[in-house]
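Undergrad: So that we are looking at the same thing, I have put the structure below in structure tokens.
Residue numbers (our numbering): 156 to 602.
As structure tokens, then:
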């Protein structure tokens, strides 16, 4: 009987090959590879981890595996498309206003040349050109150029939005504004600032591989087992089992409430104290007293002549000045930004006590107020200094002498300048101290 050699059967298990000192494990279709140097490669839709177990964004997109910032592509698309929609609306608004001859920019109550409306159209056009590069990052446009352009657009839109806070206050208490077209321009520009910032953050996360939640770079993310191809598994100590931000729930608790640093607290107290002379001046007029050569009755008549609402005039006759109330709210806001009770509702809030204060609740008025009051007050403060030095002539306006008008400028715009800068410092401190805890904190984040 002749011995017939058996046909070689196809291998169904992993095969090991020694190649230049590296051990490699393959399955039948060559889909997964593990090497001793900490490199894991999954072919045909798998995952590649390079550089000490770090998964690149390109490999993750190919494999469909969540990695740190795994939602950055989605957030980049959402923010980018929203910004594109805003740019089209804003540009169309600018073109319509220019065609109608309506000025979008004003200095006090005086409209500026209509030719400045083309700034709005230019901002919209540059946004339409830049945002697609941020939505779909590529090698054609350097990342620094895209980020610098977005930052420039944000700055120009911020300047265009200047004065929106004053419009809101005037609308609430006077039921009207100086120019509805100008107010609409400032509101649209403010929306653009928010969208441009969101687009820049999403693009930076996608382009530089940072975590979209905390802005850090997390190393050694986990490769979920479901993402690896079927077949024999090969463990690698180079990739620890760490979940990615996209796969983890958002941490709702946030950090423990802590006060701001001593320097920030002193700055906030200085900003709060700067409002005291202003509030005293306005309250003196509301109570019928005289300041800077003007009595309370004269000031009320001036307010009525300038178009103050019935509500403002009624409160003024009752001895309550609206702007003094707003100053008191501003003091409350800046103190809350630097004290722990600004992060967790205190006991005197009754039903809310013990609950965490939403970050947007104090930050929204703080950032808007700082962006409005700081530049407005600083310009006024420079004007007051030049007027006091005799470099510029200060008109007396509704006051007996230019000196009286200058005194009121010091009390008013000086307070806005000091408070606005202090509010910006306190808001930044609050923003950093209340930053949500990232789910991957302590897993190799490079901050």
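Ideal Cβ positions, reconstructed from N, Cα and C, are used throughout, including at glycine.
It should be emphasised that the depicted structure is a prediction, and the values quoted were computed from it without experimental measurement.
Taking C-beta to C-beta, are residue 236 and residue 347 nearer than 8 Å?
TA: Along the chain shown, one-based indexing puts residue 236 at 81. Along the chain shown, one-based indexing puts residue 347 at 192. No; because the gap between Cβ atoms is not below 8 Å, this pair is not in contact.
Undergrad: How many angstroms separate the CA atom of residue 330 from the CA atom of residue 276?
TA: Here residue 330 corresponds to residue number 175 of the chain shown, with the count starting at 1. Here residue 276 corresponds to residue number 121 of the chain shown, with the count starting at 1. Those two C-alpha atoms are separated by around 30 Å.
Undergrad: Determine contact between the region 446-461 and the region 553-563, defined as no fewer than three beta-carbon pairs at a distance below 8 Å.
TA: Segments in contact, yes.
Undergrad: Measure the CB-CB distance between residue 345 and residue 316 and report whether it falls below 8 Å.
TA: The sequence position of residue 345 within the chain shown is 190, counting from 1. The sequence position of residue 316 within the chain shown is 161, counting from 1. Closer than 8 Å, so yes.
Undergrad: With the cut-off set at 8 Å, would you say residue 535 and residue 566 are in Cβ contact?
TA: Your numbering for residue 535 matches position 380 in the chain shown. Your numbering for residue 566 matches position 411 in the chain shown. No, they are not a contact pair.
Undergrad: Could you round the C-beta distance between residue 561 and residue 542 to whole angstroms and report it? I think they count as a contact, below 8 Å.
TA: Here residue 561 corresponds to residue number 406 of the chain shown, with the count starting at 1. Here residue 542 corresponds to residue number 387 of the chain shown, with the count starting at 1. Between residue 542 and residue 561 the Cβ distance is about 5 Å, and since that is below 8 Å, they are a contact.
Undergrad: For residue 312, count the other beta carbons within 10 Å of its own beta carbon; 16 or more makes it buried, fewer makes it exposed. Which is it?
TA: Translated into positions along the chain shown, residue 312 becomes position 157. With 16 or more Cβ atoms within 10 Å of its Cβ, residue 312 is classed as buried.
Undergrad: Taking only heavy atoms of the ligand SAH into account, decide whether any of them is closer than 7 Å to the Cβ of residue 322.
TA: No copy of the ligand SAH appears in this structure; indeed no ligand is present at all.
Undergrad: Measuring CB to CB, does residue 364 end up less than 8 Å from residue 260?
TA: Your numbering for residue 364 matches position 209 in the chain shown. Your numbering for residue 260 matches position 105 in the chain shown. For residue 364 and residue 260, no; Cβs fall outside 8 Å.
Undergrad: Ordered along the chain, which non-local residues of its own chain (more than five positions away) have a Cβ less than 7 Å from that of residue 442?
TA: For the purposes of this step, residue 442 is taken as the residue at position 287 of the chain shown. So the qualifying residues of the chain are 451 and 474.
Undergrad: In terms of alpha-carbon separation, which member of 426, 586 and 514 lies closest to residue 485?
TA: Position 330 of the chain shown, counted from the first residue, corresponds to residue 485. The option with the nearest alpha carbon to residue 485 is 426.
Undergrad: Nearest to residue 530 by CA position, among 496, 579 and 253, is which residue?
TA: Translated into positions along the chain shown, residue 530 becomes position 375. When only C-alpha atoms are compared, the closest one is 579.
Undergrad: Three-state secondary structure (DSSP) at residue 265?
TA: As a position in the chain shown, residue 265 is number 110, starting the count at 1. Strand at residue 265.
Undergrad: Measuring CA to CA, which of 454, 318 and 469 is closest to residue 524?
TA: Looking up residue 524 in the chain shown gives position 369. Of 454, 318 and 469, the residue nearest in Cα terms is 318.
Undergrad: Is residue 493 closer than 8 Å to residue 423 when the C-beta atoms are compared?
TA: Against the chain shown, residue 423 aligns to sequence position 268. Against the chain shown, residue 493 aligns to sequence position 338. Yes, Cβ-Cβ distance for residue 423 and residue 493 is below 8 Å.
Undergrad: For residue 133, count the other beta carbons within 10 Å of its own beta carbon; 16 or more makes it buried, fewer makes it exposed. Which is it?
TA: Nothing about residue 133 can be read from this structure; the chain reaches only from 156 to 602.
Undergrad: My output table needs one value for residue 282: the three-state DSSP class, helix, strand or coil.
TA: The residue labelled residue 282 in the question sits at position 127 within the chain shown. DSSP places residue 282 in helix when its eight states are reduced to three.
Undergrad: What are the boundary residues of the alpha helix (DSSP H) that includes residue 361?
TA: Within the chain shown, the letter at position 206 stands for residue 361. 335-363 is the extent of the alpha helix (DSSP H) around residue 361.
Undergrad: Going by the beta-carbon positions, is the gap between residue 581 and residue 415 smaller than 8 Å?
TA: The count along the chain shown starts at 1 and reaches residue 581 at position 426. The count along the chain shown starts at 1 and reaches residue 415 at position 260. Yes, Cβ-Cβ distance for residue 581 and residue 415 is below 8 Å.
Undergrad: Give me the residue from 550, 326 and 362 with the minimum Cα distance to residue 466.
TA: Numbered from its first residue, the chain shown carries residue 466 at position 311. Measuring from the Cα of residue 466, the nearest candidate turns out to be 326.
Undergrad: By Cβ distance below 8 Å, which residues in the same chain neighbour residue 588 in space, the five residues on each side in sequence not counted?
TA: The residue given as residue 588 occupies position 433 in the chain shown. Once the five neighbours on either side are set aside, the close Cβ partners of residue 588 are 410, 413, 415 and 498.
Undergrad: Does DSSP classify residue 499 as helix, strand or coil?
TA: Looking up residue 499 in the chain shown gives position 344. Here residue 499 sits in strand by DSSP.
Undergrad: Could you name the residues that DSSP lists as bridge partners for residue 445?
TA: Residue 445 sits at position 290 when you count from the first residue of the chain shown. 450, per the DSSP bridge assignment.
Undergrad: Can you say whether residue 354 is buried or exposed, counting buried as having 16 or more other CB atoms within 10 angstroms of its CB?
TA: Within the chain shown, residue 354 is the residue found at index 199, counting from 1. That one is buried.
Undergrad: Compute the Euclidean distance between the alpha carbons of residue 349 and residue 564, then round it to the nearest angstrom.
TA: In the chain shown, the residue the question calls residue 349 occupies position 194. In the chain shown, the residue the question calls residue 564 occupies position 409. Taking the straight line joining both Cα atoms gives about 32 Å.
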